[in-house]
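I have placed the structure first, in the form of structure tokens, so that the comments after it can refer back to it.
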Amino acid sequence: MGKAFDIGLQQLTGSPPDPWAGGGLPVTSSQRGTFFLETFGCQMNDHDSEKVAGVLLSRGYRQVESPEAASLILYNTCSIREKAAQKVFSRLGEFREKQQDGKIIGVLGCVAQQEGEDIFKRAPWVNLVCGSASYRKLPEMLAQLEAGNHHVTGLDTDTDETFETEVTRRDNPWRAYLTIIEGCDKACSYCVVPFTRGPERNRASDSILREVRQLADLGYSEVQLLGQTVNSYADPTPRRMRFSELLLAAADVSGIRRVRFTTSHPSDFGRDIVEAIESQPKLCEHVHLPVQSGSTKVLRAMQRTYSREEYLEKIGTIRAAKRPIAITTDIIVGFPGETDADYGETLSLLDEVQYDGLFAFKYSPRPNTPSLSMKDSIPEEEKSHRLAVLQDKQREIQRARNASLVGESFEVLVSGKSRREYQWSGYTSSHRVVNFASQAPELLGAYVQVRVTDATPNSLLGEHVI
Ligand code: 5AD
Ligand code: SF4
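Right, here's the structure in full:
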């Protein structure tokens, strides 16, 4: 197997060296394999990929930009909706021939966990199938591949550990993702996550804060705490830090200017989180609070554990905060049994809440989920129609909300530079995209004041205030 595939077994058995110390990688990468890692799906997947890349780099691999140049091709996959899962198999098909060149092909993430060894049947050229709860064992799995094992799996979800790495290769130089909870203990009837990511595992608060300090030392000014239900955080240490305390402690770290968190579950969203945001300007004024439906009847069928009224109470608490907090959400249309009246309640919820942003999806039946036994009763065209009407409505809400910000000034973390000269982009604390003009020669990574001069439904336009 794999001629260029040398993972350096001596590295696997010893403790991984610190590649940050002394600059550059600890071993000459020419002795090692090269890897290409492609990621589909959510921020949790993006961040898992950063950690997987860290494991590989610390073992002497070199990351390359194309599958052609790689000895190891990895796909980190998403199975939240059927379309995403299908994409993986068509992509794997494209790489069938590559394996004949001696390349190793691995499927990671949610499709790996969900399909398991069936992937080998459908795509026998795949060598590694590994779900996210098994990433801790990646070095051992790589060693098995190195030893010539053709089909290696990591599919346990019964671990109570989180995946922490000595090194994480982060994609963004200013914003660092940091997982605080893995898996999910809720049981929303449509959702594969409890199956693909396993039960909830909480990371120790001292370990989280240690990493925040390291990140600040490395120059990151923004951290984003991640979890499928991030606000359900339950500190496993005797300190028993509440989620809101953890947010405040992260914001206290010197060098950190912004702390974000996603995704929040409404049932665990307490007033203390709003109070923390009110009291500490470094906590970003944005809450992503998926509602999924505006109808209590549909919410019950979804097993979402709150009613429309209870959800609206939480919204009331957020809207009553001393500083404005942007609210975004996720919505599923066409859930089994969703009547016109139920759907109408979702539309009226949009009017009532006035969201600052929204991700909407057509219901997609998924393997293993309780809702699979319900008849997928809403025809595809009707789902598409409901989705389009909902998105049109939200676009108008965002148009008006963003237009009301014209004339105001916001602090923007500059994260992009346009090809057009003197044009930059970045994010406000409320996570709005701002495109703005500035004559400054270099702004990437800087925090600047921008006055809003115009607005579209999805972004603000502005000018640098000096
Ligand atoms: N069908 C459609 N959308 C789904 N989501 C999760 N599972 C499904 C499904 N089976 C959506 C939810 C969730 C977001 C990440 O994806 O809105 O909040
Ligand atoms: Fe899925 Fe519900 Fe858990 Fe979110 S809270 S990951 S929707 S089961």
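Residue numbers (the numbering used here): -2 to 463. Using N, Cα and C, we set each Cβ at its ideal position, and we do this for glycine too.
By the beta-carbon neighbour count (other beta carbons within 10 angstroms, threshold 16), Ala338 is exposed. Straight through space, the alpha carbons of His283 and Lys319 are spaced by roughly 13 Å. Look at the stretch 366 to 404 and you find these whole runs of alpha helix (DSSP H), each 4 residues long or longer: 377 to 400. If one requires a minimum length of 3 residues, the beta strand (DSSP E) runs lying completely within the stretch 86 to 137 are 101 to 105 and 125 to 127, in chain order. Bridge pairing for Ala452: Leu457 [DSSP].
Per the C-alpha coordinates, the member of Arg200, Val350 and Asn73 positioned closest to Gly128 is Asn73. The ligand SF4 has a heavy atom closer than 6 Å to the beta-carbon of Val190. In the structure shown, Thr31 adopts extended strand secondary structure according to DSSP, grouped into three states. For Arg255, the three-state secondary structure derived from DSSP is strand. Secondary structure within the stretch 129 to 215: the beta strand (DSSP E) runs of 3 or more consecutive residues, fully enclosed, are 149 to 151 and 172 to 176 (chain order). Taking a 10 Å sphere around the C-beta of Glu62, we find fewer than 16 other C-beta atoms and assign the residue as exposed. Relative to the ligand 5AD, the nearest heavy atom lies less than 6 Å away from the CB of Ile329. By the criterion of a C-beta distance shorter than 8 Å, Ser412 is surrounded in its chain by Asn169, Trp171, Arg172, Ser422, Gly423, Tyr424, Leu441 and Gly442, once the five residues flanking it on both sides are discounted.
Annotation for Lys372: Pro333 place their beta carbon closer than 7 Å to its own, counting only its chain and skipping 5 residues before and after. Fewer than three beta-carbon pairs drawn from the stretch 27 to 43 and the stretch 144 to 163 are found closer than 8 Å, and the two stretches are therefore not classed as touching. Rounded to whole angstroms, the Cβ separation of Thr176 and Arg210 is 17 Å, and the two are not in contact under 8 Å. Here Arg363 is not near Val126, since their CB atoms are 7 Å or more apart. According to the DSSP assignment, Ser422 belongs to no alpha helix (DSSP H) but to the beta strand (DSSP E) extending over Gln420 to Tyr424. Annotation for Glu379: Gly331 place their beta carbon closer than 8 Å to its own, counting only its chain and skipping 5 residues before and after.
Under the DSSP assignment, Lys359 falls outside any alpha helix (DSSP H), being part of the beta strand (DSSP E) whose first and last residues are Gly354 to Lys359. Under the three-state reduction of DSSP, Gln83 is assigned to helix. C-alpha of Gln388 to C-alpha of Arg398: approximately 15 Å in a straight line.
Assignment of Gly313 by DSSP, reduced to helix, strand and coil, places it in the helix class.
Taking C-alpha positions only, Gln395 is separated from Gly341 by approximately 19 Å.
A straight-line Cα-Cα distance of about 15 Å links Arg239 and Asp249. 7 Å or more divides the Cβ of Val430 from the Cβ of Val447. Beyond the five residues adjoining it in sequence on each side, Leu135 comes within less than 6 Å, by CB distance, of Val52 in the same chain, given in chain order.
The residue from Thr36, Phe32 and Ser76 with its alpha-carbon nearest to that of Ser55 is Phe32. The shortest C-alpha to C-alpha distance from Arg207 to any of Ile322, Val220 and Arg297 is the one to Val220.
Using a cutoff of 6 Å, the CB of Phe332 does not count as near the ligand 5AD, since none of the ligand's heavy atoms is closer than that.
Within its own chain, the residues whose Cβ lies closer than 6 Å to the Cβ of Gly224, once the five positions on either side in sequence are excluded, are Ile177 and Ile178, listed in chain order. When secondary structure is reduced to three states using DSSP, Gln277 falls in the coil class, being assigned neither helix nor strand. Rounded to whole angstroms, the gap between the alpha carbons of Glu307 and Phe356 is 21 Å. Annotation: Ser229 to Ala437 spans about 43 Å, alpha carbon to alpha carbon. Between Thr226 and His262 the beta-carbon gap is near 4 Å, inside 8 Å, which marks them as a contact. Val350 and Arg119 have their alpha carbons spaced roughly 45 Å apart.
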